[in-house]
Amino acid sequence: MGLWHVFYEDWQMECCGKPFTVGDEVSWPLLLLDSDEVLGGGWHDQLSKVAGPVEDVGGVRVVREETGLTVAVAGDPDDEEDRRPKPGDWTRSVGLLSVERHGAAWPEAGGRVRAVQVLTEAYAESPAGSRTWEPVAGKRRLRLVERCPKRFADREAQPGADGQRLRWRESGVVATLEVPGTDSWLSHAVREARGIPRGAEPGAETEGLSAADLAALLETLSTVARPRKNHGRRPRPAR
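Taken in order, the sequence shown gives residues 1 to 239; the numbers are from full-length UniProt numbering.
Below, the structure written as structure tokens:
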């Protein structure tokens, strides 16, 4: 049972999504995004590693992750230089898993929702007085909730501590999905946090934990804090 942080963007939910609650079984088409291109970048805890062989599914490059997850790889085939991995290649990528319900179709990943955090992003007026707003890299908040909302709040702009006008906007949720037959960086981190010995079978990390205790633990492993330099590398998931 692998645990994966998944970003469900506000407009994806408001357009075509169905709100979900902690404990619900869901099935989502997952897309691995370049985290630097999502809300200005600055992501840390929410990143996932995906490694495995590449297939072409209806023009979409899909990775059958070595521990069992199926995920599409972002990239535009119409670009002058198609940088997507080629079918038959073995690839290893680190990025932000997201739900993508528009465009082509590919196999979905199914599992149980174990935690939901509403993500509130800071937007700065750029340039000043333009009424054009850009996300500020890494300047965001996370709030643990029981249920993903259908609609998201957008607050009025206020001056920040440095005088720059900031607008805080709910930009989606980070959901933690438990997918059978997989393993992940996050699962390894949970096992480590619980003192479970290395080499334990995937799934051991959630055994004996109530839903509420697991959600609370996952909250500590999905923060906006920048990691300390000596902890910059992620642990490898147990095989």
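Glycine included, C-beta positions come from ideal geometry on N, C-alpha and C. Remember, it's a predicted structure, so these values are computed and weren't measured experimentally.
Of all C-beta pairs linking the segment 61–78 to the segment 149–156, fewer than three are shorter than 8 Å, placing the two stretches out of contact.
About 6 Å separates the Cβ atoms of residue 4 and residue 97, confirming a contact at the 8 Å cut-off.
About 5 Å separates the beta carbon of residue 104 from that of residue 58, a gap short enough to meet the 8 Å contact definition. When the beta-carbon positions are compared, residue 38 and residue 71 stay at least 8 Å from each other. In the DSSP assignment, residue 56 forms a beta bridge with 61. The continuous beta strand (DSSP E) containing residue 117 extends over residues 109–125.
Residue state for residue 187 is assigned as helix, using DSSP reduced to three classes.
In the three-state DSSP reduction, residue 221 falls in the coil class, being neither helix nor strand. In the DSSP assignment, residue 168 falls within the unbroken beta strand (DSSP E) covering 165–179.
Ranked by Cα distance from residue 91, the first of 102, 66, 100 is 66. Contact holds between the segment 140–148 and the segment 215–227, because three or more Cβ pairs, one in each stretch, are under 8 Å apart.
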